[in-house]
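Take a look at the structure set out below.
There are 2 protein chains.
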Amino acid sequence: MQTPDTERKIQQLAECGPLKAWSVIVSVLGDFCIARHDSISGRDLNALIERIGLTAPTMRVALHRLKRDGWIQTEKKGRDAAYRLSAMGWRETQAVRDRIYATGQPPAGPAQMILAPPSVTAADFAAALPKTAAPLAPRTAILAGPASGLPPDYWITPLDPGTAPAWVADAVAAPDLRQDYTRLTNAVADVLTATPPQDSLSLSAVRVLTLHHWRRLRLRHDDLPDILLGDDWEGARARQIVMTALDRFPRPSPGDLAA
Amino acid sequence: MQTPDTERKIQQLAECGPLKAWSVIVSVLGDFCIARHDSISGRDLNALIERIGLTAPTMRVALHRLKRDGWIQTEKKGRDAAYRLSAMGWRETQAVRDRIYATGQPPAGPAQMILAPPSVTAADFAAALPKTAAPLAPRTAILAGPASGLPPDYWITPLDPGTAPAWVADAVAAPDLRQDYTRLTNAVADVLTATPPQDSLSLSAVRVLTLHHWRRLRLRHDDLPDILLGDDWEGARARQIVMTALDRFPRPSPGDLAA
Chain A
0 MQTPDTERKI QQLAECGPLK AWSVIVSVLG DFCIARHDSI SGRDLNALIE RIGLTAPTMR
60 VALHRLKRDG WIQTEKKGRD AAYRLSAMGW RETQAVRDRI YATGQPPAGP AQMILAPPSV
120 TAADFAAALP KTAAPLAPRT AILAGPASGL PPDYWITPLD PGTAPAWVAD AVAAPDLRQD
180 YTRLTNAVAD VLTATPPQDS LSLSAVRVLT LHHWRRLRLR HDDLPDILLG DDWEGARARQ
240 IVMTALDRFP RPSPGDLAA
Chain B
0 MQTPDTERKI QQLAECGPLK AWSVIVSVLG DFCIARHDSI SGRDLNALIE RIGLTAPTMR
60 VALHRLKRDG WIQTEKKGRD AAYRLSAMGW RETQAVRDRI YATGQPPAGP AQMILAPPSV
120 TAADFAAALP KTAAPLAPRT AILAGPASGL PPDYWITPLD PGTAPAWVAD AVAAPDLRQD
180 YTRLTNAVAD VLTATPPQDS LSLSAVRVLT LHHWRRLRLR HDDLPDILLG DDWEGARARQ
240 IVMTALDRFP RPSPGDLAA
């Protein structure tokens with residue numbers, strides 16, 4: 000049994016943003032399945048999903064959808080089922096693992112300034128850019144990582160960002176993203192200062208909620224905000240407290256949840 | 000007496016662009032007066048100016064204007080006059096000496112990418128930029144040397160140009176500038192391959208014409224084209240042949256011209 004205060008703080012963490020069941024399940028499988036063929040039992044998954052406030056029917060729909068889309072595989076295990084990531088699900092999860100679990104600032108890798116010739120319209124420019132690029136002027140954008148596949152008459156020069164003014168910060172990390180990070184930071188901080196939950200299920204629920212909202216926000220951008228804004232922007236502060244929480248609330252042992 | 004062919008080639012060199020008498024006189028004084036108080040006699044100056052095709056009345060008007068504007072000073076010397084640069088004329092001439100007489104590519108000094116926030120109009124942006132900056136997009140420009148005095152919300156990042164596409168080359172060195180450089184290169188090359196002029200006055204005229212047109216073009220831009228376009232653009236090729244010509248046709252000894 001939790002104290003009402005702790006319960007309220009977990010609730011506040013849950014409300015840091017949308018909890019789409021299929022996306023929560025991907026967060027859970029990606030977190031709990033460390034090796035390629037690890038699985039989680041239907042009972043554990045169900046207990047966890049219900050603990051964070053989603054219903055059993057919602058979960059059934061989400062599992063059905065994930066199976067149909069090739070993200071997960073199920074296996075009968077006596078009267079229960081086991082869920083694991085499919086090859087595709089595993090690949091997609093692995094591809095973003097480093098970004099989600101990195102405990103520090105990403106190393107300031109290469110970033111590019113991209114300019115298009117005057118003959119290119121702003122619309123054509125936006126269409127040609129990688130999704131993660133940040134447009135700064137009608138024919139000027141910046142991008143983290145190497146720039147490839149752009150038209151040959153685009154001018155690509157290495158970016159050495161220095162100190163970016165506020166309007167550039169807004170262009171690489173929109174104010175609503177930064178607000179969401181701040182909200183997550185505050186909610187996680189509140190949980191960390193509360194009496195820790197007493198049972199394994201609640202501890203795991205805190206972990207899953209923290210990880211899920213972090214993952215949701217972190218996958219909305221690449222390294223550009225970190226490269227440009229350093230370790231003092233809302234996303235960097237969120238990373239720091241999220242990693243502290245994941246440390247404090249480790250993933251449970253298999254079969255430990257629905258006991 | 001010159002051969003008609005040599006004479007024609009000198010004429011062609013003279014026609015590489017406008018020969019404004021006052022500007023030619025500044026070229027001559029800047030070139031012939033090595034030390035602060037060096038001067039050139041009225042007779043020498045007159046002989047030289049007439050040799051390159053300007054008239055005595057034109058020269059008198061130009062000298063009057065230069066004196067009025069504080070560029071030159073005159074001094075009676077018996078029945079002749081001596082002309083020298085004023086303190087201001089000397090300062091202005093010294094300020095550009097390195098750019099005009101540099102025999103090699105300028106060292107690839109610092110260059111900047113300058114971006115203005117979306118709230119700035121293209122017109123305000125153009126007005127805020129140093130004259131030597133090259134605008135590349137409505138709120139994006141590049142500049143050689145340090146950028147100072149710009150509004151604090153402008154984003155200034157060091158530029159590492161790499162290989163610039165043709166439209167960037169056009170933005171930093173307009174096609175008409177490059178055409179003028181090519182014309183000068185060809186005219187100087189033609190003089191260098193002709194029979195050298197036989198008299199000191201004609202040799203000096205070639206020098207003054209070469210230097211004047213070079214100075215006129217070189218002062219139309221800063222180091223940006225050299226930084227971006229390397230040693231294979233029209234301006235770099237012109238520098239090479241101009242420096243060869245200035246070497247081949249050295250400045251005359253004082254009093255050597257009107258002999």
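Note that the protein sequences, when read in sequence, are chains A and B.
Heads up: the first sequence begins at 0 in numbering that gives the first Met the number 0, then just goes up one per residue.
Heads up: the second sequence begins at 0 in numbering that gives the first Met the number 0, then just goes up one per residue.
Where a beta carbon is used, it is the ideal one built from N, C-alpha and C, also for glycine.
Taking all protein chains shown into account, do 16 or more other C-beta atoms lie within 10 angstroms of the C-beta of Thr2 of chain A, making it buried, or fewer, making it exposed?
Note on Thr2 of chain A: under 16 other CB atoms within 10 angstroms of its CB, so exposed under the neighbour-count rule.
What do you get for Ile240 of chain A, buried or exposed, if any count of 16 or more other CB atoms within 10 angstroms of its CB means buried?
Its Cβ being crowded by 16 or more others within 10 Å, Ile240 of chain A is buried.
For chain A, find out if any of its Cβ atoms is closer than 9 Å to the Cβ of Trp154 of chain B; answer yes or no.
yes
Where Ala172 of chain A meets chain D, residues with beta-carbon distance less than 8 Å
Reference to chain D is not applicable here, since the protein chains of this structure are A and B.
From Ala80 of chain B to His36 of chain B, what distance separates their C-alpha atoms?
Each residue's CA atom was taken as its position, placing Ala80 of chain B and His36 of chain B some 14 Å apart.
Neighbour list for Ala136 of chain A in chain B, Cβ cutoff strictly below 7 Å:
Leu114, Ala136, Pro137, Arg138 and Thr139
Strictly by DSSP, which residues pair up with Lys76 of chain B?
B:Asp79
In its own chain, which residues sit with a C-beta less than 7 Å from the C-beta of Ala140 of chain B, not counting the 5 before and 5 after it?
Ile113, Leu128, Ala132, Ala133 and Pro134
Range of the contiguous beta strand (DSSP E) that encloses Leu18 of chain B
Segment: none, Leu18 of chain B is in no beta strand (DSSP E) and carries neither H nor E.
Which residue wins for smallest C-alpha separation from Tyr100 of chain B, given the options B:Asp231, B:Asp4, B:Asp179 and B:Ser26?
B:Ser26
So, do the segment 168–181 of chain A and the segment 169–184 of chain B have three or more beta carbon pairs nearer to each other than 8 Å?
no
Ignore the nearest five residues each way along the sequence and tell me which others in Pro145 of chain A's own chain have a CB closer than 8 Å to its CB.
The residues are Pro109 and Gln111.
Assign Pro116 of chain B to buried or exposed, taking buried as 16 or more other Cβ atoms, counted over all protein chains shown, within 10 Å of its Cβ.
buried
Is it buried or exposed, Ile51 of chain A, if we count other Cβ atoms within 10 angstroms and call 16 or more buried?
buried
Looking only at DSSP bridge pairs, what is Ser40 of chain A linked to?
DSSP, once it has assigned bridges, lists A:Ala81 as partnering Ser40 of chain A.
Contact list for Ala163 of chain A against chain B, beta-carbon separation under 9 Å
The contact set of Ala163 of chain A on chain B, defined by CB atoms closer than 9 Å, consists of Trp154 and Thr156 in chain order.
Cβ-Cβ separation, Leu47 of chain B to Val207 of chain B (assumed contact under 8 Å), whole Å:
6 Å
Flag Ser147 of chain B as yes if its beta-carbon sits less than 9 Å from any beta-carbon of chain A, otherwise no.
no
For Thr139 of chain A, which residues does DSSP report across the bridge?
A:Leu114 and A:Ala136
Residues, ordered as in the chain, of the segment 21–43 of chain A that lie near chain B by beta-carbon distance below 9 Å:
Of all residues in the segment 21–43 of chain A, none places a beta-carbon less than 9 Å from a beta-carbon of chain B.
Decide if Met58 of chain B is buried, meaning its Cβ has at least 16 other Cβ atoms within 10 Å, or exposed.
buried
Close Cβ partners of Gln72 of chain B (< 6 Å) along its chain, the five nearest in sequence each way excluded:
Arg83 and Ser85
I want to see whether chain B comes within less than 9 Å of Trp213 of chain A, judged by CB atoms only; does it?
no
Boundaries of the beta strand (DSSP E) in which Trp89 of chain B is found, first to last residue
Trp89 of chain B: not part of any beta strand (DSSP E); member of the alpha helix (DSSP H) spanning Ala86 to Tyr100, first to last residue.
Taking DSSP as the reference, what is the three-state secondary structure of Ile51 of chain A?
coil
Would Asp79 of chain A pass as an interface residue toward chain B - the criterion being a Cβ-Cβ separation below 9 Å?
no
Determine the extent of the beta strand (DSSP E) in which Pro273 of chain B is found, giving its start and end residues.
For chain B, the structure presents residues 0 to 258; residue 273 of chain B sits outside this window and is missing.
Taking 6 Å as the limit between beta carbons, can you name the residues of its chain near Ala122 of chain A, skipping five residues before and five after?
none
Proximity of Val95 of chain B and Leu218 of chain B at Cβ, strictly below 9 Å:
yes
Given that a residue counts as buried once 16 or more other Cβ atoms are within 10 Å of its Cβ, and exposed if not, what is Thr194 of chain A?
exposed
If you reduce the DSSP assignment to three classes, tell me which class Trp154 of chain A lands in.
Strand, per DSSP.
Taking the alpha carbon of Gln104 of chain A as the point to measure from, which residue in A:Trp213, A:Gln178, A:Ile155 and A:Pro224 has its own alpha carbon closest?
A:Pro224
Secondary structure of Ile71 of chain B, DSSP reduced to three states
strand
Considering only residues of the same chain and omitting the five flanking positions on each side of Ala61 of chain B, which have a CB-CB separation below 7 Å?
Ala20, Trp21 and Ile24
Identify each residue in the segment 40–74 of chain A for which the Cβ-Cβ distance to at least one residue of chain B is less than 7 Å, and report them in chain order.
Taken residue by residue, none of the segment 40–74 of chain A has a beta-carbon sitting less than 7 Å from a beta-carbon on chain B.
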